[in-house]
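Protein chains: 2
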Amino acid sequence: MGKGVGNEVGKVAGKVAGMSEDQPGVTGSLAHRVPDLGALELLLAVARLGSLGAAAREVGITQPAASSRIRSMERQLGVALVDRSPRGSRLTDAGALVTDWARRIVEAAQAFDAGAQALRDRRDSRLRVAASMTIAEYLLPGWLVALREGRPDTAVSLHAGNSAAVAERLLSGEADLGFVEGLTVPTGLDSAVIAHDRLIVVVAPGHAWARRRRGLAAAELAVTPLILREKGSGTRQVLDTALGGLARPLIELSSTTAVKAAAVSGAGPAVLSELAVGEELALRRLVGVPVEGVSLARDLRAVWPTGHRPTGPARDLLSLTRG
Amino acid sequence: MGKGVGNEVGKVAGKVAGMSEDQPGVTGSLAHRVPDLGALELLLAVARLGSLGAAAREVGITQPAASSRIRSMERQLGVALVDRSPRGSRLTDAGALVTDWARRIVEAAQAFDAGAQALRDRRDSRLRVAASMTIAEYLLPGWLVALREGRPDTAVSLHAGNSAAVAERLLSGEADLGFVEGLTVPTGLDSAVIAHDRLIVVVAPGHAWARRRRGLAAAELAVTPLILREKGSGTRQVLDTALGGLARPLIELSSTTAVKAAAVSGAGPAVLSELAVGEELALRRLVGVPVEGVSLARDLRAVWPTGHRPTGPARDLLSLTRG
DNA sequence: CTTGCCCATAAGCCCAGTTTATGCCCCCAT
DNA sequence: ATGGGGGCATAAACTGGGCTTATGGGCAAG
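Sequence order for the protein chains is A and B.
First residue of the first sequence: 1, per the working numbering; consecutive thereafter.
First residue of the second sequence: 1001, per the working numbering; consecutive thereafter.
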């Protein structure tokens, strides 16, 4: 067997000056080292069905194509993934692990797909949703994936904006269901709490606050320049209220992502929804700073025009968000 | 402006009989609806750098290639992603959202890549890790990504197995650092607790237990047939100990994934690490059942041969896992 | 020992994504 | 005002990965 890696794939594609792309090690963008989605889906199908041929049929290609694709994936990764026998194929130990990791990529792709589809549908959709940025970013794609499983032919359209924009779309009849994250419910709307969120103060691991054990007081937070979302964002509103209207920006950025990036790079303390920083906290790229006597909790709410209790698709989606 | 979508891309590629692939709706596998990793990376670069050309340089392609690729991504998604101007390109609102979703795919791909690379390196690696399945599956890829950021040229190899296998590799000198999830530390090894985990009882939302408010007692759990990992797995050991050695299997499955799938499909209650079911709980595909008077907590530990305190790369990795 | 399911190999096709090679637009500095 | 430089678009030609069809060989069960 052997790995048979006598290949000379690279061949130094560009004669261009630019890039230095020759080390054998960890070079070449992700896309060159990670199989594409089609291959990963195929692998999942093989894992589930126990046969290359059956998996091929499921994803709509022929058996030789599946065989070759799995094989080239094994070559690419340098790891045997499946044990082929005349009676079927089973994953190797390494294959099982790879498959589990692959599943996470595929799940992220499903969320992407569900979201993107909602962004497009605009017109003829049976359910028009308006959501605040944080919710649209972190929660909604998952809900849409779940909705698609339960009600495969509900076409959903999505519009993201701040609370005011959500309210406006609902009241003008441009949206059927909204999601907001502020402290107050815009007038003219009814609401139901669907989840709880909390803002947390985060710093890069090197920051002095990273080792703090005693909670920060409101006063202290108020006098410290912070990396913040822009005024008008739900996040900012909650913080301003909690501190008594005087959060002091070090910089104002217009997206959660930008705030995270700035915080990770050590620019200073940031205040963000815990939804946004789960991964970063787990990997210790950011550290949470305890706070004391400041209420940074906030409710996430579904909202709809007063009186128009959600029905049909809107109710379906709503029931997925909390029960 | 308009979308300028006069395309007739499809052109019904295959003359083959096979597939019926014509409905405009939600057909065609994910891979056809989600841009490939290269395109997503390019999009992230555009978001960060504010220019197609600069992004192109960063990912190592030419400007026209980048332009065309972004454009075909926009066509594929049916959404304008970037505002092109003679002075650069900025994301549209929709583009910003899409980019955030794309980032999650790319991050999953990075974890996959780091893991796969470790599976391959086998030989000449400077750090040889042995880990239990749950840790290898859920935690390690993230650590490896972080390690790669901090120490780009640490080649890591990974071997996954149960606690006994981890211990064996460490003691025989085939591994430098191990991670286990059992209750007891194998003899001959020193350890440090790096995180806490908890087993939880989960059921499909339709199950009677899903609406339970009072905690399950050990006795009740012990007499109920459960979906479980096989004997010998860390998960199973903890459960058996907690119940007094008598967990009653409804089915025994050899992977966490299989257990999850069975539980989601409503086969019965399952007992799993909370690491494994985060996503499922959030989306309510599974519901946690409260337990009472049963200690299902367990420590996750790093382990190494007694006396050989981790140094060098092993210490680097260790310090990422908790501090 | 034949039928069915499995996988592998071989040869040829096709399209997506690239690369060069241009051209236009806008801003800024000279 | 006038060139220069950064930025984007379009066009034509090349390449290769992945697909399909067409086979062949192993193993099990009727």
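Cβ atoms here follow ideal geometry from the backbone N, Cα and C, with glycine treated the same way.
For chain A, the residues of the segment 1269–1294 of chain B that bring a beta carbon within less than 8 Å of one of its beta carbons are E1279, A1282, L1283, R1284 and R1285, in chain order. About 6 Å separates the beta carbons of S89 (chain A) and S51 (chain A), which is inside the 8 Å limit, making them a contact pair.
In the structure shown, H32 (chain A) falls within a helical segment according to DSSP collapsed to helix, strand and coil. Assigned with DSSP and collapsed to three states, I61 (chain A) falls in coil, not helix or strand. The alpha-carbon separation between H308 (chain A) and A314 (chain A) amounts to approximately 11 Å. Just measuring C-alpha positions, the residue of A:D316, A:A47 and A:S295 sitting nearest T92 (chain A) is A:A47. Separation of the CB atoms of V287 (chain A) and V203 (chain A) is rounded to 6 Å, and the pair is thereby assigned contact status at 8 Å. Ranked by Cα distance from S172 (chain A), the first of A:E280, A:T134 and A:V129 is A:V129.
Within the model, the alpha-carbon separation for H196 (chain A) versus D240 (chain A) is close to 18 Å. Taking 7 Å as the cut-off, the Cβ atoms of G78 (chain A) and R1120 (chain B) count as close. For G178 (chain A), the pairing in a beta bridge is given by DSSP as A:A130 and A:V303. Within the segment 1147–1227 of chain B, the beta strand (DSSP E) runs of at least 3 residues that lie entirely inside it are, in chain order, 1156–1160, 1177–1180 and 1189–1203. Interface flag for D197 (chain A) against chain B is unset, since no Cβ pair is found closer than 7 Å. Under a criterion of Cβ atoms nearer than 7 Å, the residues of chain B adjacent to G142 (chain A) are, in order, A1282 and L1283. In the assembly as shown, P1035 (chain B) is a buried residue. Its beta-carbon has 16 or more other beta-carbons within 10 Å. A1160 (chain B) has a beta carbon lying within less than 7 Å of a beta carbon in chain A. Considering only beta carbons, the part of the segment 1105–1130 of chain B lying closer than 8 Å to chain A consists of I1105, V1106, E1107, A1108, A1109, Q1110, A1111, F1112, D1113, G1115, A1116, Q1117, L1119 and R1120, in chain order. Shortest Cα-Cα distance from A108 (chain A) to any of B:A1114, B:V1098 and B:E1174 involves B:V1098. Ranking A:A160, A:D153, A:V156 and A:L147 by CA distance to the CA of T134 (chain A) puts A:A160 first. Within the segment 1251–1268 of chain B, contact with chain A at the beta-carbon level (separation under 7 Å) is assigned to S1255 and T1257.
In the same chain as E1058 (chain B), and ignoring 5 residues on each side of it, the C-beta atoms closer than 6 Å to its own belong to A1045, in chain order.
Not a single C-beta of chain B is nearer than 7 Å to the C-beta of V185 (chain A).
DSSP places G1288 (chain B) within a strand segment (E or B) once states are collapsed to three.
Assigned with DSSP and collapsed to three states, D83 (chain A) falls in strand.
A direct Cα-Cα distance of roughly 30 Å separates L1250 (chain B) from L147 (chain A).
By the criterion of a C-beta distance shorter than 6 Å, E1230 (chain B) is surrounded in its chain by E1252 and S1254, once the five residues flanking it on both sides are discounted. Contact of D36 (chain A) with chain B by beta-carbon distance below 8 Å involves A1031, D1036 and L1037. By the C-beta density criterion, S1163 (chain B) is buried, having at least 16 other C-beta atoms within 10 angstroms. Excluding the 5 residues flanking it on each side, V1145 (chain B) has same chain C-beta neighbours closer than 7 Å at Q1110, A1111 and A1114, in chain order.
Excluding residues up to 5 positions away in sequence, L140, A160 and F179 lie with their Cβ nearer than 6 Å to the Cβ of A131 (chain A) in the same chain. R90 (chain A) is bridged by DSSP to A:D83.
Here the alpha carbon of Q63 (chain A) sits roughly 56 Å from the alpha carbon of L183 (chain A). Taken through DSSP and simplified to helix, strand or coil, R1104 (chain B) comes out as helix. In this structure, the alpha-carbon of L283 (chain A) lies about 43 Å from that of R87 (chain A). The three-state secondary structure of V294 (chain A), taken from DSSP, is coil. Taking 8 Å as the upper bound for CB-CB distance, R1301 (chain B) and V1185 (chain B) are in contact here, some 6 Å apart.
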